[in-house]
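Asks: Numbering (this note's numbering), first residue to last: 1065 to 1392.
Idealized CB from N, CA, C, for every residue including glycine.
This one's a predicted model, so the numbers in the text were calculated from it and none came from an experiment.
1. Select from 1287, 1320, 1380 the residue whose C-alpha is nearest the C-alpha of residue 1345.
2. Please return the same chain residues whose Cβ sits closer than 6 Å to the Cβ of residue 1147, not counting the five positions on each side in sequence.
3. Quick one: Cα of residue 1113 to Cα of residue 1126, how far?
4. Quick check for students: name the residue ranges of the alpha helix (DSSP H) that lie wholly in the stretch 1315–1358, counting only runs of 4 or more.
5. Do you know whose CA, among 1375, 1336, 1194, 1108, lies nearest residue 1351's CA?
6. In terms of alpha-carbon separation, which member of 1144, 1143, 1164 lies closest to residue 1150?
7. Residues in the same chain with beta-carbon distance under 6 Å from residue 1159, minus the five sequence neighbours each way, listed in chain order, please.
8. Give the secondary structure of residue 1388 by DSSP, where H, G and I count as helix, E and B as strand, and everything else as coil.
9. Are the Cβ atoms of residue 1315 and residue 1307 separated by less than 8 Å?
10. Exposed or buried, which one is residue 1340 when buried takes at least 16 other CB atoms within 10 Å?
11. Since I believe residue 1299 is in contact with residue 1161 (beta carbons under 8 Å), could you give me their beta-carbon distance rounded to a whole number of angstroms?
12. Give me the Cα-Cα distance between residue 1366 and residue 1381, rounded to the nearest whole angstrom.
13. Per DSSP, what kind of secondary structure is residue 1136 in: helix, strand or coil?
14. So, for residue 1372: in the same chain, excluding its five sequence neighbours on each side, which residues have a beta-carbon less than 6 Å away from its beta-carbon?
15. Are residue 1224 and residue 1173 touching if we call contact CB-CB under 8 Å?
16. Can you give me the start and stop residues for the alpha helix (DSSP H) that residue 1106 sits inside?
17. How many Å lie between residue 1228 and residue 1168 at the Cα?
18. Start and end of the beta strand (DSSP E) containing residue 1172?
19. Give me the Cβ distance between residue 1116 and residue 1102, rounded to the nearest whole Å; I'm assuming they're in contact under 8 Å.
20. Between which two residues does the beta strand (DSSP E) harbouring residue 1218 extend?
21. Could you have a look at residue 1198 and say whether DSSP puts it in helix, strand or coil?
22. Since residue 1283 and residue 1140 should fall inside the 8 Å C-beta cutoff, what is the C-beta to C-beta distance between them, to a whole number of angstroms?
23. Applying the criterion that 16 or more other CB atoms from any shown protein chain within 10 Å of the CB defines a buried residue, is residue 1386 buried or exposed?
24. Please list the terminal residues of the continuous beta strand (DSSP E) segment that includes residue 1290.
25. For a test of the three-state rule: what should DSSP assign to residue 1183, helix, strand or coil?
26. Is residue 1268 near the ligand NAP - that is, is its Cβ less than 7 Å away from at least one heavy atom of it?
27. Are the beta-carbon atoms of residue 1119 and residue 1250 separated by less than 8 Å?
28. Once DSSP output is grouped into helix, strand and coil, what is the label at residue 1267?
29. How many angstroms separate the CA atom of residue 1072 from the CA atom of residue 1260?
30. What are the boundary residues of the beta strand (DSSP E) that residue 1376 is part of?
31. Could you name the residues that DSSP lists as bridge partners for residue 1230?
32. Check each candidate in 1087, 1305, 1142, 1273 and name the one with the smallest Cα separation from residue 1332.
33. Let me confirm a value: residue 1272 is counted as buried when at least 16 other C-beta atoms fall within 10 Å, else exposed. Which label applies?
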């Protein structure tokens, strides 16, 4: 199991979506009207990442010879993609896990299957995470059928990974609690499900085949954060950010970056700015694009910066295009 997480999920590394939020946030004016929405969205995604990270600790205690575990797998179903937080695959069953990491009181209503979250005295209607898990399980079942796999039980649960959250169900709706557990109870829940599903349907060869198919079918999301928040590149504050006081932009003088606000001096502050460019604009950059983004006038200085970094490139002279290596 540990090997599976390292292969597919790289141990819940921070997603590219979160990296893009962190690249964009300091480059949006404090007075920009989209900023509150941006920060709220970033907070939600970061909480989700932390919740999944905490769940990984519990999953690491499962026997690796019995279970294959996939994290954030994204598959094409018809015209649309669906994504699964965690998928546990065994010879006898598959388990789709929907993870939430929000503080408050979850309340599952009987009628219309509505769910509300009470936080600091305010009630917010949210998507029913049990229904979300069930829908993803149904999509996965149809996806596997399309690829001619033997039919196995595809189970689903919602896992609350926040220790400060509580969960209750309306009277008459207690049955929904069978599909819910807190992260500390996940291993016990999986054990219970395994005891109820002992008929091994997939052999070793078929498990290897479904693993290959899932990994091959996985399509990482290409999240365009600029268009997602209806921004234009004119909204982006360019330049190199001071690593000490976070001022933008620093000045480039004789091979060093100097902050006009705190006089901090750095020879490497541009590296983060270039990675911000890759995250916010595109995965390639030219000498002229680098100069415009970093506020450098000299093509020679820009070329020197690019040559010192571990970038691949195509073309020659002014037509050279630099790319971020995939391992980065």
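Replies: Short version:
1. The residue given as residue 1345 occupies position 281 in the chain shown. Selected option, being the one with the closest Cα: 1287.
2. Taking the first residue of the chain shown as position 1, residue 1147 is located at position 83. Answer for residue 1147: 1138, listed in chain order.
3. Position 49 of the chain shown, counted from the first residue, corresponds to residue 1113. Position 62 of the chain shown, counted from the first residue, corresponds to residue 1126. Cα to Cα, residue 1113 sits roughly 21 Å from residue 1126.
4. You should have 1334–1344, 1351–1358.
5. Translated into the one-based positions of the chain shown, residue 1351 becomes position 287. Ranking 1375, 1336, 1194, 1108 by Cα distance to residue 1351 puts 1375 first.
6. For the purposes of this step, residue 1150 is identified with residue 86 of the chain shown, where counting begins at 1. Closest option to residue 1150, Cα to Cα, is 1164.
7. Here residue 1159 refers to the residue found at position 95 when the chain shown is read from its first residue. Answer for residue 1159: 1152, 1219, listed in chain order.
8. In the chain shown, residue 1388 corresponds to position 324, counting from 1. Here residue 1388 carries a coil assignment [DSSP, helix/strand/coil].
9. Counting from one through the chain shown, the residue named residue 1315 turns up at place 251. Counting from one through the chain shown, the residue named residue 1307 turns up at place 243. Taking 8 Å as the Cβ cut-off, residue 1315 and residue 1307 do not qualify as a contacting pair.
10. Taking the chain shown and counting its residues from 1, one reaches residue 1340 at position 276. Buried is the call here.
11. By 1-based counting over the chain shown, the position of residue 1161 is 97. By 1-based counting over the chain shown, the position of residue 1299 is 235. Residue 1161 to residue 1299, Cβ: 37 Å. No contact.
12. As a position in the chain shown, residue 1366 is number 302, starting the count at 1. As a position in the chain shown, residue 1381 is number 317, starting the count at 1. Residue 1366 and residue 1381: Cα-Cα distance of roughly 13 Å.
13. In the chain shown, counting from the first residue as 1, residue 1136 sits at position 72. Residue state, collapsed to three classes: strand.
14. Residue 1372 sits at position 308 when you count from the first residue of the chain shown. Excluding positions up to five away in sequence, the list is empty.
15. Position 160 of the chain shown, counting from 1, holds the residue named residue 1224. Position 109 of the chain shown, counting from 1, holds the residue named residue 1173. Taking 8 Å as the Cβ cut-off, residue 1224 and residue 1173 do not qualify as a contacting pair.
16. The sequence position of residue 1106 within the chain shown is 42, counting from 1. Counting along the chain, the alpha helix (DSSP H) containing residue 1106 begins and ends at 1099–1123.
17. Within the chain shown, numbered from 1, the residue matching residue 1228 stands at position 164. Within the chain shown, numbered from 1, the residue matching residue 1168 stands at position 104. Cα to Cα, the separation comes out at about 7 Å.
18. Mapped onto the chain shown, residue 1172 falls at position 108. 1168–1172 is the span of the beta strand (DSSP E), which, as asked, contains residue 1172.
19. Residue 1116 sits at position 52 when you count from the first residue of the chain shown. Residue 1102 sits at position 38 when you count from the first residue of the chain shown. At roughly 22 Å, the Cβ-Cβ gap does not stay under 8 Å, so residue 1116 and residue 1102 are not in contact.
20. In the chain shown, counting from the first residue as 1, residue 1218 sits at position 154. Its beta strand (DSSP E) spans residues 1218–1224.
21. Here the question's residue 1198 lines up with position 134 in the chain shown. In the three-state DSSP reduction, residue 1198 falls in the helix class (H, G or I).
22. Taking the first residue of the chain shown as position 1, residue 1283 is located at position 219. Taking the first residue of the chain shown as position 1, residue 1140 is located at position 76. So it is a contact: roughly 6 Å between Cβ atoms.
23. Walking along the chain shown from the start, residue 1386 turns up at place 322. Note on residue 1386: 16 or more other CB atoms within 10 angstroms of its CB, so buried under the neighbour-count rule.
24. Taking the chain shown and counting its residues from 1, one reaches residue 1290 at position 226. Taken as a continuous stretch (DSSP letters only), residue 1290 belongs to no beta strand (DSSP E), being part of the alpha helix (DSSP H) at 1289–1292.
25. For the purposes of this step, residue 1183 is identified with residue 119 of the chain shown, where counting begins at 1. Looking at residue 1183 - three-state DSSP - the assignment turns out to be strand.
26. The model depicted lacks the ligand NAP and carries no ligand whatsoever.
27. Taking the chain shown and counting its residues from 1, one reaches residue 1119 at position 55. Taking the chain shown and counting its residues from 1, one reaches residue 1250 at position 186. In this structure, residue 1250 lies closer than 8 Å to residue 1119 by Cβ.
28. Taking the chain shown and counting its residues from 1, the one referred to as residue 1267 is at position 203. Three-state result, residue 1267: coil.
29. As a position in the chain shown, residue 1072 is number 8, starting the count at 1. As a position in the chain shown, residue 1260 is number 196, starting the count at 1. Below a pLDDT of 50, predicted positions are generally treated as unreliable, and residue 1072, at 48, falls in that range; the measurement from the model is reported next regardless. Cα-Cα distance, rounded: 28 Å.
30. On the chain shown, residue 1376 is found 312 positions in, with the first residue counted as 1. Counting along the chain, the unbroken beta strand (DSSP E) around residue 1376 starts and ends at 1376–1378.
31. Along the chain shown, one-based indexing puts residue 1230 at 166. In the DSSP output, where bridge partners are listed per residue, residue 1230 has 1169.
32. The sequence position of residue 1332 within the chain shown is 268, counting from 1. The candidate whose alpha carbon is nearest that of residue 1332 is 1305.
33. Translated into the one-based positions of the chain shown, residue 1272 becomes position 208. Under this definition residue 1272 is an exposed residue.
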